[in-house]
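1 is the number of the first residue of the sequence shown in the numbering used here; add one for each residue after it. As C-alpha cells, the structure follows; a few thoughts come after it.
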Amino acid sequence: MKLEHIALTIEDAKEIKDFYIDILEMKEVKKFVLKKELANKIFGINKDTSAFFLQKDDFFLEIFVTDKKLKQGFNHICLTIKDRETLVTKAEAQNYECIRIKRDVFDLIFIKDKIGNIFEIKESNIENNKV
1 MKLEHIALTI
11 EDAKEIKDFY
21 IDILEMKEVK
31 KFVLKKELAN
41 KIFGINKDTS
51 AFFLQKDDFF
61 LEIFVTDKKL
71 KQGFNHICLT
81 IKDRETLVTK
91 AEAQNYECIR
101 IKRDVFDLIF
111 IKDKIGNIFE
121 IKESNIENNK
131 V
C-alpha cells in the first residue's frame, strides 16, 4: 500500500500561493475543476469546484477551494494498492459504504469508514489515474 495523496479543503485560493507554495515550498503540478456531478456522487457537494494538485518531493496534496466552510468538504486520503477489488469486497462484506463511479479509462472507487472518513482506492498498476 502506498499513500498517493491527501486531499484538503480551503476557503481562499490565495492560500495556495501564500501557504502551500511560499511556506511549504510545494509546486503546482496542475489545476482542474471537479465537475459538480462527480463532486456530488463522491462527496455530496453539488457544485463545480476548483482544485490544485501540489507536490514537494514524493508528497502530494490535492487542494479543493470552496467559497465557504462546508460541513462535509473534499477531504480524503488516496491509497494505491495491488488488488483493490479484494479490498472492496471485504469492505462491502463488513457493511462499509463503497462508492464506484464508472469511467471509460478506469473506475473511481471510494470507501467510507464508519465515521465518514473517505478513502480513494487506486490500483497500483494503473498509470496516471488522477481524478
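The beta-carbon is built from N, C-alpha and C at its ideal position, and this holds for glycine as well.
Beta-bridge pairing of residue i - partner residues as DSSP gives them
i	result
Thr49	Leu34
Ala7	Glu62, His76
Leu108	Ile101
Ile118	Lys112
Whole-angstrom distance between residue j and residue i, CA atom to CA atom
i	j	result
Ala39	Asp48	7 Å
Gly73	Asp12	14 Å
Asp83	Ser50	31 Å
Lys36	Phe64	13 Å
Leu34	Lys122	18 Å
Gly116	Lys71	12 Å
Cys78	Lys68	24 Å
Ser124	Thr80	5 Å
Asn95	Ile118	15 Å
Phe43	Lys112	10 Å
Beta carbon of residue i nearer than 7 Å to that of residue j
i	j	result
Phe52	Ile16	yes
Glu120	Phe110	yes
Lys41	Ile101	yes
Cβ-based neighbour list, residue i, same chain, cut-off 7 Å, excluding 5 preceding and 5 following
i	result
Phe59	none
Contacts around residue i, its chain only, beta-carbon distance under 8 Å, and the 5 residues preceding and following it disregarded
i	result
Glu28	Ile16, Ile21, Phe52, Phe53, Leu54
Lys56	Leu24, Glu25, Met26, Lys27
Leu8	Leu61, Glu62, Ile63, Phe64, Gly73, Phe74, Asn75
Cut-off 6 Å between Cβ atoms - residues of its own chain near residue i, not counting five sequence neighbours on either side
i	result
Glu127	In this prediction, Glu127 scores a pLDDT of 49, lower than 50, which makes its location untrustworthy; no coordinate-derived value is stated.
Glu92	Cys98
Lys130	Because Lys130 sits at a pLDDT of 49, beneath the cut-off of 50, its placement in the model cannot be relied upon, and the following sentence gives the value as read from the coordinates. So the list is empty, once near-sequence residues are dropped.
Ile45	Ala39
His5	Phe60, Glu62, Cys78
Buried or exposed by the 16-neighbour rule on C-beta atoms within 10 Å, applied to residue i
i	result
Leu87	buried
Thr137	With the chain represented from 1 up to 131, any question about residue 137 goes unanswered, as that position is not in the structure.
Phe32	exposed
Glu85	exposed
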